[in-house]
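If you're matching positions, the sequence shown starts at 545 in the working numbering and goes up one per residue.
Written out below as structure tokens is the structure these notes cover.
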Amino acid sequence: MKGARAAALAVVAGLLHTAAFAPTGAWWLQPIALALLFGLLETATPRAAARAGALFGFGWLASGLWWLHISMHQFGGIPWLLAALAVGLLATFLSSYYALALGLTARWVAPGRWRLLALVPAWLLAELARASWFSGFPWIASGY
């Protein structure tokens with residue numbers, strides 16, 4: 545799948561990933577969301593894999609970290625738009641871990657089954673990096 549359809553599917557998969565977390569109880573959405581993402585990456589170029597990782601991560605993290613907007617706007621007094629931009633910038637920054645991990649995996653591992661297997665440790669490393677580098681931000685991690 546190429547272009548806008550792949551980009552839209554990556555964002556939708558990221559939103560599904562968020563829906564797997566509490567309070568929905570729909571834990572089964574997480575493997576479906578990751579399967580959709582990994583399916584996009586099986587034959588993707590490194591650039592397309594990085595883009596899919598970034599879009600998945602943005603959809604997942606921007607929708608999963610909505611509470612930060614409430615904290616900044618309602619309790620911190622930051623204007624609505626600035627609080628929304630701050631959440632968007634944080635989601636963009638955090639999704640760069642996934643973009644880097646998936647893009648590098650696509651660059652180093654040939655398309656096919658081996659790439660699909662290689663995506664699992666790449667995802668784990670991206671999660672660990674997000675949770676520990678630059679003071680860490682482990683909220684809404686896949687392991688939850």
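Built from N, CA and C at the ideal position, the CB exists for glycine as well.
Quick caveat: nothing in here was measured; it's all calculated off a predicted structure.
By the Cβ test, the stretch 670-688 is in contact with the stretch 637-650, since at least three Cβ pairs between them sit closer than 8 Å. Rounded to whole angstroms, LEU646 and LEU553 show a C-alpha spacing of 16 Å. In the three-state DSSP reduction, TRP652 falls in the helix class (H, G or I). From the listed residues TYR641, ALA666, ALA643 and ALA563, the smallest Cα separation to VAL653 is found for ALA666.
Taking a contact as a CB-CB distance under 8 Å, the pair LEU585 and ALA685 does not count as one, their CB atoms being some 20 Å apart. The beta carbon of ALA628 sits closer than 7 Å to the beta carbons of HIS613 from its chain, once the five residues preceding and following it are set aside; these are given in chain order. ALA570 and LEU599 have their C-alpha atoms some 22 Å from each other.
The beta carbon of ALA673 is closer than 6 Å to those of TYR641 in its chain, skipping five residues each way along the sequence.
Residues of the same chain with a CB within less than 8 Å of the CB of LEU644, apart from the 5 flanking positions on each side, are ALA594, GLY597 and ALA670 in chain order. Using a 10 angstroms sphere on the CB of TRP624, the tally of other CB atoms stays under 16, which defines it as exposed.
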